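Numbered per the numbering used here, the sequence shown finishes at 253, counting up by one with no gaps.
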Amino acid sequence: MAWIRTIGREEAEADAELAGAMAAQHALYPAEYDGPIRGIDEAMPGIVAAHTLIPQALYHAFATFGSLMAADLPLSRRDHEMIALMVSVTNRCRYCSASHAEFLRRVVLDDELVRRLQEDYANAAITEAERAMLDYAVQVTRDATRITPAWHDRLRAVGFDDRGILQITLIASWFNSINRTADALGVGRD
Numbered sequence: 064m065a066w067i068r069t070i071g072r073e074e075a076e077a078d079a080e081l082a083g084a085m086a087a088q089h090a091l092y093p094a095e096y097d098g099p100i101r102g103i104d105e106a107m108p109g110i111v112a113a114h115t116l117i118p119q120a121l122y123h124a125f126a127t128f129g130s131l132m133a134a135d136l137p138l139s140r141r142d143h144e145m146i147a148l149m150v151s152v153t154n155r156c157r158y159c160s161a162s163h164a165e166f167l168r169r170v171v172l173d174d175e176l177v178r179r180l181q182e183d184y185a186n187a188a189i190t191e192a193e194r195a196m197l198d199y200a201v202q203v204t205r206d207a208t209r210i211t212p213a214w215h216d217r218l219r220a221v222g223f224d225d226r227g228i229l230q231i232t233l234i235a236s237w238f239n240s241i242n243r244t245a246d247a248l249g250v251g252r253d
């Protein structure tokens, strides 16, 4: 549920601008985003519905999201979903945490890994590069003003180039924004 009015699918399909924005947004989603999400009531409006009153905001917010998952970028789908999950867990965003835990499950096919990441990623069976990536994303979430060149040096030391560092930063920043939007509008909080 959202605490503001949202536009339902039928009404959205009758509005050319909104229908176009929603179609463009859906086209950017990977296949694992289709289907029900554990812990989320599909009858309730989600984060996309929460954007429907301003179609251009919906389009631009999710165009950024989609562009950060492009296949020609350094990070894998696993990396992307791990960052999305850890930022959402750190922010205590129930809707995004549940969604991206499920999307990560669909990518890695490993319920135990997802559970461990949700509980305490420091003790999860992940690579040194993944740990450095998640440490960085969590620090961006908690206090980006404390990021220093040493953080980037650590990422480079485990194999990330500057493009990868930028992608990690943009994914973490995007999820920080969308977590706040979801929580402020009541998405998934009921």
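Even for Gly, the Cβ is constructed at its ideal location relative to N, Cα and C.
Keep in mind that this is a model prediction, so the values were computed, not measured.
Are the stretch 238-246 and the stretch 145-155 in contact at 8 Å, needing three or more beta carbon pairs?
-> yes
Start-to-end residues for the alpha helix (DSSP H) that takes in G227 | 225-247
When the distance is taken between beta carbons, is G109 closer than 9 Å to G249?
-> no
Is W214 helix, strand or coil when you go by DSSP?
-> helix
For V170, does the three-state DSSP call read helix, strand or coil?
-> helix
Write down the C-beta distance between P93 and Q230 rounded to the nearest angstrom, noting that I regard them as a contact closer than 8 Å.
-> Not quite, the Cβ-Cβ distance comes to about 16 Å (not below 8 Å), so this is no contact.
Three-state secondary structure (DSSP) at N186?
-> helix
For I189 versus L172, is the C-beta distance shorter than 9 Å?
-> no
When DSSP labels each residue in this structure, what does M132 get in the three-state scheme?
-> coil
Does the separation of the CB atoms of A195 and V221 fall below 9 Å?
-> yes
Can you tell me whether E144 is buried or exposed, with buried defined as 16 or more other CB within 10 angstroms of its CB?
-> buried
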